[in-house]
Structures are given as C-alpha cells and as structure tokens.
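Mapped onto this note's numbering, the consecutive letters of the sequence shown carry residue numbers 101 to 349.
A quick write-up on the structure given underneath.
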Amino acid sequence: MFVLAAFAKETALSLVILIFGYELIETSANRGNRLLSAAKRALPFAAAALIYLIPRYLVLGDMMWKNPQAPDRPLAYTVLTLPFVICSYIAHLIWPVGLSVTYNTHFVTNVTSPRFLLPAAALGLALAALVVYRKKIGREVWRGLLLIFVALLPVLNLGQVSQEEYLVFDHYLYISVAGLGYLLAAGLFKASAFGSKGMQTQVPEPSRPAYAVASFFVIVLALTVVAAFENRSWADSYSLWSNVARIRP
C-alpha cells in the first residue's frame, strides 16, 4: 500500500520519517537502542521507497533534485527565509482566515531583516521550551508535532521554488491538519479526564466528558463555518484572483 501511495503522490514518501519518528517516541529503551530500534522499523519502508525513487531518477535524472525553472539563488536566502515560511504555515494552520492561493512573499536576503529576526526568535523560544520541558510533554503531543512538521519537510527546499509568491502554498498543509486535529483530540480527551485521581476539580464527575463533547462540537462548527466562507473564493477564476488582490493588494 505504501508503494502504491508513493506512485500515486510522492508526498507519501514522508511516511518513512513518520515511522521512524513514531517508533522513536514509542520506544522506552535508552537513547542508543531507541535510535537503532526506530531505524530497523523504518528500514523496510525506506527500501520500499527505492521502488519508486529509482525509476523516478532514471526518468528525470538531475531534474529529480533541481527544478530547471528555478533561478540560481544563494543558499543563504533559503536559510534566512525558512523561519518566516515555517511561522507562516503555523499561523495559517492555527488561524485559517484570510487565506489565498498566493501571497506577496519574497526571499529574505538580509540577516538584520525583521522578517528573519522575529520568526527566528519565535521558533528559537518554542524549540527551547520543547527541550526544557521535554520530559513533561506527553507522547500525544510529540505524535501531533510529528504529523504537523514531517509533512512540511519536502516543501522547505525553498531554493527550488520557481516564483517567490509561491514560497507559502497553503495546500501543503493537508497532512499537517491531521496533526493539529490529533492535538485537539488529545487535548479534549485530557480535559474530559481532568479531575480524576490525584487532581482537584469543582466540576462534578459526570459533566467533564460533557464539556469535552461540547467543546468538540463548537470547534467543528467554527471550522466548518470558516471553511465554507474561505471556499467561496474558489467558485471560479475571477473570484479566486479577486480574493488574491483583496488579501495581498
């Protein structure tokens, strides 16, 4: 099924990293053994990926690694632009309002640019928090983060983008949405169990699951309304590009 998925859409190749990361999270052995065990579990998928990658290389050759339509850009441009692109994807994932088929994005070319400094600082603080509190973070959170960010790895090769306005392309988030949904589900599940043994709560025992279920329906309703509103711009080409002009004049 993995091989068929890869031939259908090569985004499926990210499953190799997802398997490795999942096994790394789930294995309770020491660090060295965890890495080895996770690698062994992912190895069959890596071998299966070659069934797709080898004929792909034979057909495309060097074009497999380089977009012939992309102009030559310094690697530094990609490095400086990555924090902005990652933060943009996170923002669009969490708050999917005012979306567009294209954005007025450009490569960051200066290390002193706020478009580099601010996103880099935000990502640095987030990574520091994950490192400091890693022992307190549950496996559910790591699984959700894995689903969100592994699927984005292939599209972070910004040097292969032919047009700068497509540095951020929202449809690449379709697997990451599953990671966000997983985190929301895990949070609601925890909320429904809050107040059990060892925790104090003023909410009566039977009502905790009710609050979780109510929150679930509120989230589903809100996202449904937002999705319906955002989809109006896809009715036809005129609506689509009018929306682009309105959001990014």
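Glycine included, every Cβ here is placed at the ideal spot set by N, Cα and C.
Alpha carbons only, please: which of the options is nearest the one belonging to residue i?
i	options	result
Pro183	Asn343, Ile119, Ala286 and Val268	Val268
Ser342	Leu323, Val250 and Leu199	Leu199
Thr205	Tyr338, Thr178, Leu280 and Ala293	Thr178
Ala322	Trp195, Ser114 and Met101	Trp195
Ala314	Phe329, Ser292 and Ala327	Ser292
Glu264	Tyr233, Ala221, Thr209 and Ala229	Thr209
Trp242	Asn133, Val320, Asp336 and Leu227	Leu227
Leu256	Gly121, Gly238, Cys187 and Met163	Cys187
Ile117	Leu252, Leu104, Asp162 and Leu230	Leu252
Ala147	Leu160, Phe102, Ala286 and Lys109	Phe102
Lys290	Asn130, Glu240, Pro174 and Leu230	Glu240
Val197	Phe145, Tyr338, Ala328 and Leu230	Ala328
Ala286	Gly238, Thr324 and Tyr266	Gly238
Phe207	Arg173, Ser339 and Leu160	Arg173
Leu143	Gly121, Tyr338, Ser276 and Leu160	Gly121
Tyr189	Ser276, Arg308, Arg348 and Tyr338	Ser276
Pro254	Val318, Leu230 and Trp165	Trp165
Phe145	Val159, Ser128, Val211 and Leu104	Leu104
Report yes if the CB atom of residue i is closer than 8 Å to the CB atom of residue j, and no otherwise.
i	j	result
Asn167	Gln260	yes
Ala176	Ala149	no
Ser262	Ala170	yes
Ala312	Leu284	no
Val344	Thr202	yes
Leu180	Phe216	yes
Leu273	Val185	no
Ala138	Leu124	yes
What residue range does the alpha helix (DSSP H) around residue i cover?
i	result
Asn204	Careful: Asn204 lies outside any alpha helix (DSSP H) and carries neither H nor E.
Val351	Given that the chain is displayed from residue 101 to residue 349, the structure contains no residue 351 and the question cannot be resolved.
Glu123	Leu115 to Glu126
Val179	Leu175 to Ile194
Arg346	Ser337 to Ile347
Arg215	Pro214 to Val232
Phe269	Looking at the DSSP string, Phe269 is not in any alpha helix (DSSP H), and its letter there is neither H nor E.
Ala106	Phe102 to Ala108
Val277	Ser276 to Ala293
Assuming residue i contacts residue j under a Cβ cut-off of 8 Å, what Cβ separation, rounded to an integer in Å, is found between them?
i	j	result
Ile119	Arg141	6 Å
Using a Cβ-Cβ distance under 8 Å, would residue i count as near chain B?
i	result
Tyr122	The displayed structure is made up of one protein chain only, and chain B is not part of it.
Using 8 Å as the threshold, is the region 269-285 in touch with the region 234-251, meaning 3 or more CB pairs across them? yes
Counting beta carbon pairs with one atom in the region 107-114 and one in the region 148-162, are three or more of them shorter than 8 Å? yes
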